[in-house]
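Asker:
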Amino acid sequence: MTRVRQPIVVVGMLVWNVLTAGAWGADGDVVFQRRKEAEHDTPPAVFPHWSHRIRYRCYVCHPGLFKMQAGGDAVTMDDIMAGKFCGACHNGTTAWAVTFETCQRCHQAPP
Amino acid sequence: MTTGAIVPRSTINPLAAAPPAFDLGVEVDTSGSRTFRAAFSHGTHVQWLGCQSCHPQLFPLRGSAARPPITMAAIARRQSCGLCHGTVAFGPAHACSRCHAAVPAKAEWTPPEAPRAPIETLHRWDEAQAMLPAGDGAPEWTKALIDGVILPRAGIDSSAPAEPVFASDITRRPGGLDESRVVFPHSAHTAWLACSSCHPVPYPMQANATPMSMDQVNAGQFCGTCHGSVSFPLSACGRCHPAMEVTP
């Protein structure tokens with residue numbers, strides 16, 4: 015099989031001012047975009063910064079897990095499953111794990 | 010079939026021997042992702058199908074020049090595995106982990122500790138925002154921390170001790186002008202950030218050693234990495250430049 019890497023890259027902090035409901039809409043939400051569009055319709059992941067900062071101080075993740083600058087890290091699901099990036103906590107112990115039940119908690123098309 | 014509820018014949022002739030078992034497992038990794046590679050078991054398939062049912066037309070054998078990639082999009086188009094799966098065999102919807110075995114189907118998780126503050130029970134930003142103190146058109150995160158509205162942990166291990174707060178103010182006078190004087194309080198920052206969050210990138214450890222401009226800050230560099238998105242907005246001039254404080 016031809017191996018095609020499909021990393022996703024944080025492209026910037028987008029402010030979803032138009033949103034009034036849901037987990038997103040706060041300043042600092044990060045929308046991940048794929049470097050290479052895959053042949054499927056899984057929406058890009060959206061990271062709600064607010065729900066993490068109310069639980070953890072910035073230095074818990076920055077710069078050890080994620081660079082300070084949005085867009086500084088290329089993140090793949092393989093990395094996450096290997097315990098890097100989001101996977102440092104989202105492992106079923108500290109926080110809910112990556113499962114086929116939880117895909118949509120992050121990969122949810124912005125309304 | 011595994012429970013014996015059905016025992017389908019393998020040939021039209023009831024006396025003919027059943028084809029032999031073939032237990033070769035194959036990993037399909039079209040996406041190049043370890044996480045989403047699919048485990049294909051010949052063993053379960055040859056209970057239903059003969060070799061020629063799938064080879065070489067549907068799945069050309071290894072070494073063939075043209076081996077079309079097996080993708081979820083093709084399966085959804087009723088090609089590849091989708092010729093059966095989704096019609097006469099289990100469909101891809103809600104059965105992901107039956108092939109993509111590296112990812113569990115169910116999310117079983119018990120939070121390791123109770124919420125520290127009521128805000129941690131919320132899932133919606135508009136509800137959380139209503140609990141947070143606000144000013145300058147944005148949440149006052151440092152006030153929320155001081156007031157105990159949020160009780161953020163200092164480590165992934167929630168018992169980790171907080172980094173020490175470093176109470177040293179740095180004052181700069183850009184262009185030598187007292188009107189432009191900017192005061193940086195380490196104390197408010199070290200409540201959130203570790204030294205390594207900001208030093209030595211983008212700020213070398215020596216005070217006033219980093220040339221920077223408001224244009225760069227407005228473009229998201231230096232202070233603008235956080236201020237303007239996750240910290241109070243850059244329009245609140247007087248909070249850093251005391252001489253620019255607007256008295257209402």
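So the sequence lines, in the order shown, correspond to chains A and B. The numbering of the first sequence is the numbering used here, which starts it at 15 and goes up by one. The numbering of the second sequence is the numbering used here, which starts it at 10 and goes up by one. Every residue, glycine too, gets a C-beta built ideally from N, C-alpha and C. From a predicted model like this one, the values you see are computed outputs, not experimental measurements.
Can you give me the start and stop residues for the alpha helix (DSSP H) that Arg67(A) sits inside?
Answerer: It spans 63 to 67 - the alpha helix (DSSP H) in which Arg67(A) sits, taken as one unbroken run.
Asker: Taking Cβ-Cβ distances below 8 Å as the criterion, which residues of the region 98 to 110 of chain A are in contact with chain B?
Answerer: From the region 98 to 110 of chain A, only Ala102, Cys103, Gly106, Thr107, Thr108, Ala109, Trp110 have a Cβ closer than 8 Å to chain B.
Asker: Could you give the first and the last residue of the continuous beta strand (DSSP E) run that contains Arg107(B)?
Answerer: That residue, Arg107(B), is in no beta strand (DSSP E); its alpha helix (DSSP H) goes 105 to 108.
Asker: For Cys75(A) and His63(A), I'd like the C-alpha separation in whole angstroms.
Answerer: The straight-line gap from Cα to Cα measures roughly 11 Å.
Asker: Which runs of the beta strand (DSSP E) at least 3 residues long sit entirely within the region 30 to 75 of chain B? Give them in chain order.
Answerer: Counting only runs of 3 or more, we get 34 to 37, 47 to 50.
Asker: Leaving out five residues before and five after Ala59(A) in sequence, what residues of the same chain have Cβ atoms less than 6 Å from its Cβ?
Answerer: The answer, listed in chain order, is Phe46, Cys120, His121.
Asker: Please decide whether Pro142(B) counts as near chain A, where near means a Cβ-Cβ distance under 8 Å.
Answerer: Not one chain A Cβ lies under 8 Å of Pro142(B).
Asker: Run through the DSSP bridge pairs and tell me what Gly144(B) is partnered with.
Answerer: Gly144(B) is bridged to Ala147(B).
Asker: Unbroken alpha helix (DSSP H) runs of length 4 or more, entirely within the region 183 to 244 of chain B: which are they?
Answerer: With a minimum length of 4 residues, the continuous alpha helix (DSSP H) runs that stay inside the region 183 to 244 of chain B are 195 to 199, 204 to 207, 223 to 227.
Asker: Tell me whether Trp150(B) is buried or exposed, calling it buried when 16 or more other Cβ atoms sit within 10 Å of its Cβ.
Answerer: When all chains shown are included, Trp150(B) counts as buried.
Asker: Does the count of Cβ pairs from the region 155 to 167 of chain B and the region 125 to 132 of chain B closer than 8 Å reach three?
Answerer: In short, these stretches touch, since the Cβ pair count reaches three.
Asker: Could you check whether the Cβ of Trp201(B) sits closer than 8 Å to any Cβ belonging to chain A?
Answerer: Interface residue, yes.
Asker: Among the candidates Ala47(B), Ser196(B), Ala163(B), whose CA atom is the shortest distance from the CA of Val174(B)?
Answerer: Closest by alpha carbon: Ser196(B).
Asker: Measuring alpha carbon to alpha carbon, tell me which residue in Val89(A), Cys103(A), Thr107(A) is nearest Arg49(A).
Answerer: Out of Val89(A), Cys103(A), Thr107(A), Val89(A) has the C-alpha closest to the C-alpha of Arg49(A).
Asker: For His94(B), list the residues DSSP reports as bridge partners.
Answerer: Bridge partners of His94(B): Ala98(B).
Asker: Output yes if chain A places a C-beta closer than 8 Å to the C-beta of Ala114(B); else output no.
Answerer: True, the Cβ-Cβ gap to chain A drops below 8 Å.
Asker: Taking just the CA atoms, how far does Ala153(B) sit from Gly146(B)?
Answerer: Between Gly146(B) and Ala153(B), the C-alpha separation is close to 15 Å.
Asker: Is Pro183(B) buried or exposed, if buried means 16 or more other CB atoms sit within 10 Å of its CB?
Answerer: It is exposed - the Cβ of Pro183(B) has fewer than 16 other Cβ atoms within 10 Å.
Asker: Taking only beta carbons into account, state which residues of the region 225 to 256 of chain B come closer than 7 Å to chain A, listed in chain order.
Answerer: Within the region 225 to 256 of chain B, the residues whose Cβ lies closer than 7 Å to some Cβ of chain A are Thr234, Ser238, Val239, listed in chain order.
Asker: Measuring CB to CB, does His51(B) end up less than 8 Å from Val35(B)?
Answerer: Taking 8 Å as the Cβ cut-off, His51(B) and Val35(B) qualify as a contacting pair.
Asker: Within 8 Å (strictly less), CB to CB, does Ser87(A) reach chain B?
Answerer: As written in the sequence, residue 87(A) is Asp, which differs from the Ser given in the question. Cβ-Cβ to chain B under 8 Å: no for Asp87(A).
Asker: So, is the C-beta of Phe45(B) closer than 8 Å to a C-beta in chain A?
Answerer: For Phe45(B), the answer is yes, since a Cβ of chain A falls inside 8 Å of its Cβ.
Asker: From the DSSP secondary-structure annotation, give me the bridge partner or partners of Val158(B).
Answerer: Paired residue(s): none; Val158(B) is not in a bridge.
Asker: Any beta carbon from chain B within less than 8 Å of Glu115(A)'s own beta carbon?
Answerer: At least one chain B Cβ lies under 8 Å of Glu115(A).
Asker: Does the count of Cβ pairs from the region 110 to 119 of chain A and the region 202 to 222 of chain B closer than 8 Å reach three?
Answerer: As far as the Cβ criterion goes, the region 110 to 119 of chain A does not touch the region 202 to 222 of chain B, which means the pair count is below three.
Asker: Which residues in the same chain as Thr80(B) place their Cβ atom closer than 7 Å to its Cβ, once the five residues preceding and following it in sequence are excluded?
Answerer: Excluding positions up to five away in sequence, the list reads Thr39.
Asker: Please go through the same chain and pick out, in chain order, the residues whose beta-carbon is closer than 6 Å to the beta-carbon of Cys108(B), but skip the five residues on each side of it.
Answerer: Result list for Cys108(B): Ala47, in chain order.
Asker: Which partner residues does Tyr70(A) have in the DSSP bridge list?
Answerer: According to DSSP, which records beta bridges pairwise, Tyr70(A) is partnered with Arg162(B).
Asker: Just the Cα atoms here: how many angstroms apart are Gly86(A) and Gly41(B)?
Answerer: So the two alpha carbons sit approximately 23 Å from each other.
Asker: For His104(A), which beta-bridge partners are listed by DSSP?
Answerer: Paired residues: Ala109(A).
Asker: Measure the Cβ-Cβ separation of Ile179(B) and Ala216(B) and say whether it is below 8 Å.
Answerer: Yes. Within cutoff.
Asker: Taking a cut of 7 Å between CB atoms, which residues from the region 158 to 169 of chain B lie near chain A?
Answerer: Under the 7 Å Cβ criterion, the region 158 to 169 of chain B contributes Ile159, Pro161, Arg162, Ala163, Gly164, Ile165.
Asker: Considering Cα atoms alone, identify which of Thr20(B), Pro121(B), His236(B), Pro28(B) is closest to Arg69(A).
Answerer: Comparing Cα-Cα distances from Arg69(A) to each of Thr20(B), Pro121(B), His236(B), Pro28(B), the minimum goes to Pro121(B).
Asker: Kindly indicate if chain A contains any beta-carbon less than 8 Å away from that of His54(B).
Answerer: Not closer than 8 Å to any Cβ of chain A, the Cβ of His54(B) fails to qualify, so no.
Asker: Suppose you measure from the CA of Ala35(A) to the CA of Gly237(B); what does that come to, to the nearest Å?
Answerer: Here Ala35(A) scores only 42 on pLDDT, less than 50, and its place in the model should not be relied on; the value that follows carries that caveat. Roughly 21 Å between the two C-alpha positions.
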